[in-house]
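Residue numbers (my numbering): 48 to 391.
Think of the CB as a built atom: it goes at the ideal place given N, C-alpha and C, for glycine as much as any other residue.
In what follows, a single structure is set out as structure tokens and then discussed.
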Amino acid sequence: MSLIIPRDYIPKLVPEMMEQAITFLKETFQENLSSALNLRRATAPLFVLSGTGINDDLNGTERAVSFPIKDMGDQRAEIVHSLAKWKRMKLGAYKILPGYGIYTDMNAVRADEELDNLHSLYVDQWDWERTITAEDRTIPFLKSIVESIYDCLLVIEQEVYYQYPHIMPILPDSITFIHAEDLLQEYPTLSPKERENAAAQKFGAIFIIGIGGKLSDGKKHDGRAPDYDDWSSETQPGYFGLNGDIVVWNPVLKQAFELSSMGIRVDKTALLRQLDLEGCPERKELEFHKALLEDRIPLSIGGGIGQSRLCMFFLRCAHIGEVQASIWPTQMIEECARGNIFLR
């Protein structure tokens with residue numbers, strides 16, 4: 048169990064105000080995001096059928112929580128990890144044109160999550176997806192979408208300040224873009240997480256490009272499934288990937304804090320390449336992958352933005368359990384209570 052107890056921690060809001068603030072944050076941010084990216088709301092599933100390839104494999108090692116469906120001959124369903132591929136299929140089903148998309152409330156259970164200040168068994172995020180053209184599959188386009196999302200973060204930070212003036216804004220006026228390869232070159236002796244800490248503390252808010260593929264040292268900055276983000280397309284000599292993470296500096300925990308993972312999704316070429324790189328070419332026979340290879344779903348960009356993460360950051364909480372209800376180890380509950388952190 049990994050746990051950070053900030054010294055002399057005092058919650059910014061009492062429990063009654065915390066509930067109001069969470070509601071305010073979630074309602075306001077999703078409205079701003081929808082307007083900024085031209086997204087319309089869609090209803091999301093809690094589970095999908097096993098064996099279809101629709102569920103998100105995350106890093107490829109996490110087990111999905113599954114159960115048999117009695118009325119379907121005990122065919123198994125599994126609770127979603129995220130909706131990265133489901134959303135893209137919906138773009139095709141709804142025939143959504145380039146420049147427009149959908150967003151949804153995604154609720155997931157990740158039983159293999161290592162519980163700490165940032166990670167819970169329960170995951171709640173805004174999953175969004177937007178149709179694009181082949182000409183949009185570029186780093187400049189990716190950056191323009193990231194900047195639109197970052198503008199929404201700046202707006203919500205100001206809204207929180209207006210509502211709760213003792214919570215001062217801390218985000219820089221703009222987000223800094225940096226490739227994972229450049230992080231490696233700048234901090235060659237540090238681990239990926241240590242590199243994120245160094246860059247986030249230096250700039251305040253960063254977007255790390257190119258997460259999922261191997262860097263020049265033969266290692267990945269972090270893992271990504273092979274069938275949603277495009278992390279393998281070469282964008283300039285020695286630089287790969289059309290995806291990344293929005294990471295900010297968290298002054299309460301004094302570490303880098305990921306708010307969103309997102310990217311331009313794989314096209315047919317990138318999908319086949321990444322399936323081969325990850326040693327799972329057989330996936331091309333699954334429902335989602337066949338639909339993509341047969342041009343039955345559109346090109347897209349998309350991602351997830353953590354709802355509890357966002358509330359935790361903007362309300363300056365020390366633990367995600369202060370803004371969401373989940374299950375925590377008894378030892379963690381007791382240690383947090385001694386540090387004035389009270390988990391739900």
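>> I need the DSSP call for His336, collapsed to helix, strand or coil.
In response: helix
> Hey, which unbroken runs of the alpha helix (DSSP H) at 4 residues or more fall wholly within the segment 321-391?
Replying inline: 334-340, 354-361, 377-385
> For Arg135, which of helix, strand or coil comes out of DSSP?
Replying inline: helix
> If you compare alpha carbons, which of Leu362, Gln67, Gly257, Cys327 is closest to Arg312?
Replying inline: Gly257
> Is it a yes or a no for the segment 205-219 touching the segment 374-387, going by three-plus beta-carbon pairs under 8 Å?
Replying inline: no
> For the alpha helix (DSSP H) that contains Val207, what are its first and last residues?
Replying inline: 186-210
> Which partner residues does Ala124 have in the DSSP bridge list?
Replying inline: Leu96, Phe114
> Since Asp281 and Asp292 are thought to touch, with beta carbons under 8 Å apart, how far apart are those beta carbons, to the nearest angstrom?
Replying inline: Contrary to the premise, residue 281 reads as Glu rather than Asp in this sequence. With 8 Å as the limit, Glu281 and Asp292 do not qualify as a contact, their Cβ atoms being about 20 Å apart.
> Which one of Ala111, Thr151, Phe250, Asp171 has the shortest CA to CA distance from Ala89?
Replying inline: Thr151
> Three or more beta-carbon pairs under 8 Å between the segment 77-96 and the segment 230-243, yes or no?
Replying inline: no
>> Using CA atoms only, rank isn't needed, just tell me which of Asp264, Ile225, Gly310 is closest to Trp175.
In response: Gly310
> So what does Gly148 bridge to, in DSSP terms?
Replying inline: Leu86, Arg177
>> Helix, strand or coil for Asn102? Go by DSSP, reduced to three states.
In response: coil
> Per DSSP, which one or two residues make a beta bridge with Val294?
Replying inline: Ile253, Glu305
> Thinking just about the alpha-carbon of each residue, which of Arg177, Gln248, Phe224 is nearest to the one in Leu346?
Replying inline: Arg177
> Exposed or buried, Lys55, counting other C-beta atoms within 10 Å across all chains shown (16 or more means buried)?
Replying inline: For clarity, residue 55 is Asp in the given sequence; the question names Lys instead. So Asp55 ends up on the exposed side.
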